[in-house]
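Working notes for the structure below.
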Amino acid sequence: MKQFQSKRLSHLGSAIFSEMAQWKEEVRSRGVDVIDLGIGSPDRPPSERVIKAMEEAVRKPEVYGYPTSEGSPAFRQAVARWYQHRFQVALDPEKEIVALMGSQDGLSHLAMAVADPGDVAMVPDPGYPIYSASLVLAGVEPYFLPLREENGFLPKLDDIPEEIARRAKFILLNYPSNPLSAVATRPFFEELIAFGKKYDLLVVHDLAYSEMAFDGFRPMSILEIEGAKEIAVEFHSLSKSFNMAGCRIAFMVGQPDAVRALRILKSNIDYGVFLAVQEAGIAALEEDMEHS
131 MKQFQSKRLS HLGSAIFSEM AQWKEEVRSR GVDVIDLGIG SPDRPPSERV
181 IKAMEEAVRK PEVYGYPTSE GSPAFRQAVA RWYQHRFQVA LDPEKEIVAL
231 MGSQDGLSHL AMAVADPGDV AMVPDPGYPI YSASLVLAGV EPYFLPLREE
281 NGFLPKLDDI PEEIARRAKF ILLNYPSNPL SAVATRPFFE ELIAFGKKYD
331 LLVVHDLAYS EMAFDGFRPM SILEIEGAKE IAVEFHSLSK SFNMAGCRIA
381 FMVGQPDAVR ALRILKSNID YGVFLAVQEA GIAALEEDME HS
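In terms of the numbering used here, the sequence shown opens at residue 131 and continues consecutively.
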């Protein structure tokens, strides 16, 4: 009998978050009180203002049509205002921002949008599972960048073989890091951008945890580096920052050609984030700007 499962699924590794959920339920069924350190879903709701914005939006008849896959103009404009406020980075809402159904959406599809089967992409090891899984789905060859304690959990760019650097389409990193909680310095980001320009690479930075810092530390955007928008894109999620994980809303910003490529791919896959959720996202970003 034919097996109705593609070979590529065998290269994805375990569905670790689903497996952990099953293990937790098995333990709970035996009466054990479980402290959940799994997928990291927020244990608090969004602010009252965000909830009210969504509540009001779902009562508007016009939000029930198909939204656009790139995000509403109002949401993209709010993202641009927030990036200017938070990072002092100017973004063009028309060309440099795309809305996502959570950053997982963009991270899982980016390789398909900017690379071809047989290309190489550099990803961190250890790293969030979708980084390497997305390459399997796109037929892209991974080159794993070891993150070691003695290097502050930063990759040693000088150790990357010249052949790999020249073949690679993009390099993906994530600071503050999941799962290592390491952070990158401005000098490292400057080195990374210089490396990307030297080898004509797209630099991809996952900034999902920019608002989860302590003791006065404020993680920076890679787009703060001069010239970064020429070769870099950055992902940001409202899931952790604003307790909106179940809403599935995020965005990618930066290099216009890469943003356009992801927009084109998504326009063939989905029709965008529910407009009521985008309204809630606008409320979250505006509230943050008013109180920071």
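Just so you know, even glycine gets a beta-carbon here, dropped at the ideal spot from N, CA and C. All figures in this text were calculated on a predicted structure; none of them were measured in a lab.
Asked, Found
"Closest Cα partner of K359 within the set L368, D387, P306, F344", "D387"
"First and last residue of the uninterrupted alpha helix (DSSP H) at L322", "316-328"
"Buried versus exposed call for M231 [16 or more other C-beta atoms within 10 Å across all chains shown]", "buried"
"Backbone secondary structure at S202 - three-state DSSP", "coil"
"Contacts around M252, its chain only, beta-carbon distance under 6 Å, and the 5 residues preceding and following it disregarded", "Y273, L275, A298, I301"
"From A312, V193, E279, residue whose alpha carbon lies closest to that of F344", "A312"
"Through-space distance from S397 to P203, alpha-carbon basis", "16 Å"
"Whole-number beta carbon distance between P172 and A103, since they are thought to touch under 8 Å", "Outside the displayed range of the chain (131 to 422) lies residue 103, so it cannot be described from this structure."
"With 16 other Cβ atoms within 10 Å as the buried cut-off, status of V324", "Note that residue 324 is Ala in the sequence shown here, rather than Val. With fewer than 16 other Cβ atoms within 10 Å, it is exposed."
"CB contact flag (A243, L368, <8 Å)", "no"
"Below-8 Å beta-carbon distance, L332 vs any chain B residue", "You won't find chain B in this structure, because it holds only one protein chain."
"Cα-Cα separation between E293 and Y329, rounded to whole angstroms", "10 Å"
"Cβ pair count under 8 Å reaching 3, the region 210-220 against the region 347-359", "yes"
"Cβ contact check for the region 397-407 and the region 251-269: 3 or more pairs under 8 Å", "no"
"CB contact flag (L334, L221, <8 Å)", "The sequence given here has Val at residue 334, not Leu. No."
"Beta strand (DSSP E) segment containing V250, residue limits", "250-255"
"Which of helix, strand or coil DSSP assigns to H215", "helix"
"Pairwise C-alpha distance: Q234 and P259", "10 Å"
"Extent of the continuous beta strand (DSSP E) run through P276", "271-276"
"Rounded C-alpha distance that separates F134 from S140", "12 Å"
"N308 classed as buried or exposed, judged by whether at least 16 other C-beta atoms fall within 10 angstroms", "buried"
"Integer-rounded CB distance, given that L287 should sit under 8 Å from E321", "6 Å"
"V209 versus Y194, V250, V383, residue with shortest Cα-Cα distance", "V383"
"Contiguous beta strand (DSSP E) assignments of at least 3 residues, all confined to the region 340-416", "362-367, 380-384"
"Collapsed DSSP secondary structure at D418 in the structure displayed", "helix"
"Own chain partners of L310 with C-beta closer than 6 Å, once the 5 adjacent residues on each side are dropped", "F283"
"Alpha carbon of G411 to alpha carbon of D418, nearest angstrom", "11 Å"
"Euclidean distance between Cα positions of G427 and K132", "Any property of residue 427 remains undetermined from this structure, which presents the chain solely from 131 to 422."
"I290 (DSSP reduced to helix, strand or coil)", "coil"
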